[in-house]
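Protein chains in written order, with my numbering: chain A, 1 to 469; chain B, 470 to 938; chain C, 939 to 1407.
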């Protein structure tokens, strides 16, 4: 017995469905390229068992606990750690039962499909989670987790992951990546350079972060030149030691600047002094995107820009539980004016590649597809975060393909902390894309003979190429 | 012979259509919960016959006369009353003929489907309205209206309305609600507290409205404390005498404020003096949303926020015919920053429920679903006004479900002044929702056994629960 | 053998597809009304052969070369002329081969379908373009172009063009239109009055343009009165000599103004002096839209407003190749506040007709359909530029029909410089609209007997009527 419908996410009309299924069967088992994600490299380094089912599925997954919170369940009842170290639920089984009681809330959400996929394909369960079978499912999963074939490296291989990227702050020592490399294990785990904490003057501990960056590189991060040199050295370190092929930038907006050098210097001094106004801090972030692009021209790291999230919308949740607790809310994001300074500075450089993401879908057809359909350095990242979903992926294709085509997009990336859900997420993307290709063929917008190659590119080739993996 | 296609609004693919029909058949005859609307309580109180067909279908319905106006028909030719009391068409039959001549303009609009539904199901007509059959239809409807089974209470019962909410200004004496209650009739008609005229400093007669509010409550509405106390008393009156379970706030934007008490006091004094600037007036409206939310925490009234309409876009129409003449146009509405002060003040209060509506569909996926999928007090109102339509409802589900699920939505409400169209509107929503559920099942995003319960919730249960009816 | 799928763009479900095909067959061969475009009147005047295939399909088509540029192909390798007159590729066959190598980039784009349509229907090719058949296709097309039946007038007739509008600047001498008229050829080619260069103070050579306008009209364009009088005379000239029925306004935004006369005079003086600030220049553009509307009330020219493109996003491309090189990017456009001054001034005038276009699809449902569904002077132009595509047209219908109906839209216009693609573009629109009508009938939102007339209106009647052709 299966939990999942084997024809899920294919078009409903029988001919289109058959075609989608044919295309999907050719790509379903392709290796996974996961070029942007947030799994913990320590897992692959130490290869310890994962903890209990609640710790695997509920407590760390903000997609999951935010939905329960939205219906009044307290985060402490789901084991979410408190910022003050105060009491929170520690009984995995109790958390699991609460999860099962509220599992109906996830109907028609991507979380439901991912979790069902993990239940069925990773753990071999054959019934949808209910309050009635919650304990049995808990016991079964807990038992699996004790076995060697459920350790991180075994799952990595079982999932057919060809390459996965984690994301580390600029000052990370990459110890887990070194440990992986030194272990002789063949799984390819690379890092990505995420310098937000040393670029954003409003980040917690910004000054101390710059001091550390200086200490790590032997550069004087009290000066603009030393600060830039330190970035260059850390980027080289991330490439060499962590195998990085990309950088990642999570700014609130897509603002870029291209200041004259004297202005940039003066701005850095203001920022370094801790006296920058919010506008100056924002300008500095904008300037640094252009500086990062300049460095990418030199070192070839693919640049990812992820703007548009207003973080920690609830002050009370932030104070009580800290960051990343499901209260990050998208806002309007404009790209056309915002990216122009950077693009005018380096946008025609042949070696530059910038991948744009959005949480504002109105930008797909209006701004992002027209930009990526003209500027040679630009590529569109896949539907992201709240839009990493069947409807989200479909809207993405419908709104970008006609102007940017397929080859200005970069395939799928899963962007997840939930390791076991990686195959589920790639499977979802492959199904939706094959459905989209089938509809294009059925409506005469694509020839039948063109579809298989495209399905392969969307599932595998584009990501590998775009991220230079 | 039927005017309407019995399979209307179901998916086209035969399997999906069959499933949608099965689901629909189980909910088609459920009682109607109409928790937000603008029917006149006097109808139910006095139970007098409705006037002639033109007065029932054309003259008071801004959905209808705006479409004819957009093609050059003068509002006076449709009997719309002039602000100066000057001449307007009074011959119902002439108005009706003009309506019939232009009925083709409504092709593929929800108005067409609502009106056809009323023709067929309420009045038993069997042909689409044309200039040729206009007189016969007029005579038939006019004849019906003279009969007892077409009086308001008889229709209320025939429509299987379990509960309906009207909307009254804060200073209304609720005489019709009292008359209904005193009559012994069992129909449940409740009011909703709509305080715009005593909250918006730019509302016509604001100062006089506050004086009246003071007189009604015995509170000194010249002071901030007295003003707030007066609101509390009126809310209690609306609950007790009118059975209110909700409040309704039609601000131009979703702006909220959470001022320190001294600031709020000073702002009230400015506003009360009539000297507030537009910005101060707007800040006051924002502050009052938070005050209303605080009162809702105490008295349990469900709070509805309906922002985003720019009223009376044509100065000439406003001068000649007054408000609500089809020239209210949606504008961009942002919720993320706007609601934050209110949410930070009371957003985690377990007893608070705030229902958000929008006329800016771009907010569904970007702002509203992420907000409702995190904050426990928030729920999403259904597709509203211009979007109370098959395409509008479909976009609503497609853009909110994956992030907010179904249980952060509140079912359907009809929001109408057109009493006879209420069953038509609920029928439309039930069909569209069953079609959406059928597509979810067909694409493996929902299990077949989950669909009937959800159909019931969307048609009935969610509205009853969300509005505490 | 055919390149194109004969059922392309119809719904996939067989019943809906059959119905769409039936409707399409009745409109497929209707004459073409092309009321807004950018073909060169010189072609019809001189009736010379078109140049080589690369010059016909690649070098002048910004839809085509922007896509190749986005993947790193240099514009000079496609023969795009340099602003400095420097070297660019002149070998048509080499350009063609580069085009063929990259033809896969256009998969699922409208350009692909238009070009395939021209290949098959205009030139009789029977294979999709590939690197392998590129030379043969080139030779075949080049040979065709030498033959009389491929000259502009012969194609015009073969395409069943009933009327086509070109677009000329206000100071154009309309020599080609006169030459066409004087030639005795019966093809109807009219002009449209495009005064951007004499309205936009920031346009290159604005002062000289106004001097020329003065010289052409004998009016003193150094004064506000003379300037307005000169416009009136040129509009009359465009009507009389060029058969114009419309004006066309390509402003960056939809801003309008309705200044008091003294203010308008003073603003003109500032603008005429060359000292206007950017804000003053923008206000002047806004004022002139209202002035143009006033003149349209008098002379009956239909007014077209096309806002929302940020031109020449790449400074480097602009410097190297000039305007219109694929780097025009849409931006957010708001209509509700922007159009209000103009509408309050003349929006209820019975003779006024204003057609609105957008590059910001979020305005369809939120602003444009509500505006056009109320104001009698407003009509909605079809999906435009990046949205002149199957998905774009479908979103347009889905988001405008329910509020504005069909009769506040104006049918299709192709807006193209690519003469041979005109039938392809109209065919695409007819197919998409017939598919939409079929879906409406299948879902009971339109009666079967209403569909054929509507299909005819959408393909032909509405454009003819809306543009007074």
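Glycine included, every Cβ here is placed at the ideal spot set by N, Cα and C.
>> Assuming contact is defined by CB atoms lying nearer than 8 Å, are residue 79 of chain A and residue 100 of chain A in contact in what I supplied?
In response: no
>> For residue 193 of chain A, list the residues DSSP reports as bridge partners.
In response: A:168 and A:247
> Going by C-alpha distance, which of B:514, B:628 and B:606 is nearest residue 648 of chain B?
Replying inline: B:514
> Under a three-way DSSP split, which group does residue 1192 of chain C fall into?
Replying inline: coil
> Could one say the Cβ of residue 1305 of chain C lies closer than 8 Å to chain A's Cβ atoms, at least one of them?
Replying inline: no
> If we call anything under 8 Å between Cβ atoms a contact, is residue 855 of chain B one with residue 799 of chain B?
Replying inline: yes
> Would residue 1157 of chain C be called buried (16 or more neighbouring beta carbons within 10 Å of its own) or exposed?
Replying inline: buried
> Apart from the five residues on each side of it in sequence, which residues of its chain come closer than 6 Å, Cβ to Cβ, to residue 1176 of chain C?
Replying inline: 1129, 1131 and 1182
> Bridge partners of residue 771 of chain B, per DSSP?
Replying inline: B:715
> Comparing the C-beta of residue 336 of chain A with each C-beta of chain C, is any distance below 8 Å?
Replying inline: yes
>> In whole angstroms, give me the CA-to-CA distance for residue 538 of chain B and residue 1312 of chain C.
In response: 6 Å
>> Please give the ranges of any alpha helix (DSSP H) in the region 369-443 of chain A, keeping only runs that are unbroken, at least 4 residues long and fully inside the region.
In response: 369-372, 390-404 and 422-442
> If you compare alpha carbons, which of C:1179, C:1070, C:1174 and C:1148 is closest to residue 1164 of chain C?
Replying inline: C:1148
> Taking any Cβ of chain A, which residues in the region 647-670 of chain B have a Cβ under 9 Å from it, in chain order?
Replying inline: none
>> Against chain B, does residue 1193 of chain C count as a neighbour if the rule is that its beta carbon must be under 8 Å from one of theirs?
In response: no
>> Whole angstroms are fine: how far does the CA of residue 341 of chain A sit from the CA of residue 259 of chain A?
In response: 9 Å
>> Suppose the cutoff is 6 Å on Cβ atoms and the five residues either side in sequence are ignored; what does the same chain contact list for residue 270 of chain A look like?
In response: 276 and 280
>> Strictly below 9 Å CB to CB, what residues from chain B border residue 107 of chain A?
In response: 870, 874, 875, 876, 909, 914, 915, 916, 919 and 923
> Is DSSP giving residue 970 of chain C helix, strand or coil here?
Replying inline: strand
>> Closest to residue 1153 of chain C by C-alpha separation, out of C:1141, C:1167 and C:1251, would be which residue?
In response: C:1167
> Of all the residues that make up the region 1273-1292 of chain C, which are near chain B by a beta-carbon distance shorter than 8 Å?
Replying inline: 1274, 1275, 1278, 1281, 1282, 1285, 1286 and 1288
>> Any beta carbon from chain F within less than 8 Å of residue 81 of chain A's own beta carbon?
In response: No chain F is present in this structure, whose protein chains are A, B and C.
> Since residue 1362 of chain C contacts residue 1055 of chain C with CB under 8 Å, what's their CB separation in whole angstroms?
Replying inline: 3 Å
> Rounded to a whole number of angstroms, what is the C-alpha to C-alpha distance between residue 83 of chain A and residue 837 of chain B?
Replying inline: 28 Å
> Of the residues that make up the region 715-748 of chain B, which ones have a beta carbon closer than 7 Å to any beta carbon in chain C?
Replying inline: none
>> Is residue 373 of chain A close to chain C? Criterion is C-beta to C-beta, closer than 8 Å.
In response: yes
> Could you give the distance in angstroms between the alpha-carbon of residue 487 of chain B and the alpha-carbon of residue 370 of chain A?
Replying inline: 41 Å
>> Once the 5 residues before and after residue 1371 of chain C are set aside, which same chain residues still bring their CB inside 6 Å of it?
In response: 1396
> If we ignore side chains and look at the alpha-carbon of each, how far apart do residue 361 of chain A and residue 776 of chain B end up?
Replying inline: 21 Å
>> For residue 364 of chain A, tell me which candidate among A:199, A:349, A:381 and A:351 has the shortest Cα-Cα distance.
In response: A:381
> Which whole-angstrom value is the C-beta distance of residue 1105 of chain C and residue 976 of chain C, which I expect to be below 8 Å?
Replying inline: 6 Å
>> Measuring CB atoms only, is the region 154-173 of chain A touching the region 28-38 of chain A, in the sense that at least three cross pairs come out at less than 8 Å?
In response: yes
> Between which two residues does the alpha helix (DSSP H) containing residue 346 of chain A stretch?
Replying inline: 336-346
>> Pop quiz: residue 1067 of chain C and residue 1078 of chain C are said to be a contact at Cβ under 8 Å. What is the actual Cβ separation, rounded to whole angstroms?
In response: Their Cβ separation, rounded to whole angstroms, is 11 Å, which puts residue 1067 of chain C and residue 1078 of chain C out of contact at 8 Å.
> Can you tell me where the beta strand (DSSP E) with residue 470 of chain A in it begins and where it stops?
Replying inline: The shown model of chain A, from 1 to 469, leaves out residue 470 of chain A, and the question about it has no answer.
> Tell me which same chain residues have a C-beta within less than 8 Å of the C-beta of residue 640 of chain B, skipping the five on either side of it?
Replying inline: 666, 667, 678, 681, 682, 685 and 703
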